[in-house]
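S.K.: The working numbering numbers the first residue of the sequence shown as 13 and each following residue consecutively.
Yeah, the Cβ is synthetic: ideal placement off N, Cα and C, and Gly gets one too.
Note that the structure is predicted; figures quoted are calculated from it, not measured.
Let me give you the structure first, and then I'll get to my questions.
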Amino acid sequence: MEQVLWFGWFRADIISEYAVLFWRGLQMTIAVTLICIVQGTALGLAIGLARVAEARHSPAKQLCKYLLQWPSAVYVSFFRGTPLFVQILLIHFAVLPLFINPTDGLLISGETARELKQNYGAFLSGVVALTLNSGAYISEIFRAGIQSIDRGQVEASRSLGMSFPRTMYHIVLPQAFRRMLPPLGNNAISLLKDSSLISAIGLAELAYAARTVAGAYSRYWEPYLTISLMYWVLTLALAYGVKRLEDRYGRGDSR
């Protein structure tokens, strides 16, 4: 292929030759990010509610403390206190083979396990690792948002006979969600950028595409500058979406 120079040094022909690889990497990055945002938010909500769960009388009070509050606190501490890259490696090489293994998988074994591991192993490991990691951070966002609501509203709803789940659903979470939007948006952007770490276990996303092109041509400006611009556009789109949500719910507050 004939060399095409932009600005006297940028070889556009390299990018055009591997355009399909970059396009597939972009699709994979978006898919992983969206899946992990949805799953991480659901998991974070569950963990956040577990951390603030309470009961007035025994033995429910002790059950909340030892079965909900303490385990969720340990979970959050572990996933916030260890590097995401290490978590990805741990899940891919240790945890996933424990559950999906052709010989003695706890969940799936035999030929199905072999097919899953060969074709979707990196994808499953990456999604699980990012979901567990983001869930820990999102749980803290939910916990802080819930605790920012005036305690009197919770006590008033409980005095009216509303259970803890109904109080959270009808009173606390609708108000807290408006306050949690900015940090949730920041977490989604961080999740998008952190998805590049999954390339270390062989998932063909944007960072993997750039590393492949760099290895083929021993040139680094073109592939890494290309994916940098692609990540930039994606983060701008996410930030714009969060801003629209903030404006929408902000108008609701002002009425």
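Please check the pair Ala212 and Ile100, which I expect to be a contact at CB under 8 Å, by giving their CB distance rounded to whole angstroms.
M.R.: Confirmed, about 7 Å.
S.K.: In the DSSP assignment, what are the bridge partners of Ile120?
M.R.: For Ile120, which the question treats as bridged, DSSP gives the partners Ile112.
S.K.: Below 8 Å on the Cβ atoms is my guess for Gly37 versus Glu217; work out the distance and round it to an integer in Å.
M.R.: Right, the Cβ-Cβ distance comes to about 5 Å (below 8 Å), so this counts as a contact.
S.K.: Arg23 by DSSP, collapsed to three states: which one?
M.R.: Strand, per DSSP.
S.K.: Assign Thr94 to one of three DSSP states: helix, strand, or coil.
M.R.: Looking at Thr94 - three-state DSSP - the assignment turns out to be coil, as it is neither helix nor strand.
S.K.: Looking at the structure shown, is His69 part of a helix, part of a strand, or coil, going by DSSP?
M.R.: Coil.
S.K.: Less than 8 Å separating the beta-carbons of Ile49 and Ala156?
M.R.: Contact flag unset, no.
S.K.: So, is Arg63 buried or exposed, given that buried needs 16 or more other C-beta atoms within 10 angstroms?
M.R.: Buried.
S.K.: Sort Pro194, Leu193, Met192 and Arg170 by Cα distance to Ile183 and report the nearest one.
M.R.: For Ile183, the nearest C-alpha among the options comes from Arg170.
S.K.: Less than 8 Å between the beta carbons of Ser207 and Thr94, yes or no?
M.R.: No, they are not a contact pair.
S.K.: Excluding sequence positions up to five away, which residues of its chain have a Cβ less than 7 Å from the Cβ of Ile47?
M.R.: Within the same chain, Ile47 has close Cβ partners Val139.
S.K.: With distances taken from CA atoms, which of Pro114, Thr143, Arg163 and Gln81 is nearest Ala43?
M.R.: Of Pro114, Thr143, Arg163 and Gln81, the residue nearest in Cα terms is Thr143.
S.K.: Would you kindly report the start and end of the unbroken alpha helix (DSSP H) that includes Gly214?
M.R.: Segment: none, Gly214 is in no alpha helix (DSSP H) and carries neither H nor E.
S.K.: By the DSSP assignment, the alpha helix (DSSP H) with Phe189 in it spans what residues?
M.R.: Note, Phe189: alpha helix (DSSP H), Leu185 to Asp206.
S.K.: Report all residues from its chain with a CB closer than 6 Å to the CB of Arg92; omit the five preceding and five following residues, and keep chain order.
M.R.: Ala148, listed in sequence order.
S.K.: Where does the unbroken alpha helix (DSSP H) through Gly173 begin, and where does it stop?
M.R.: Unbroken run through Gly173: none, as it is neither H nor E.
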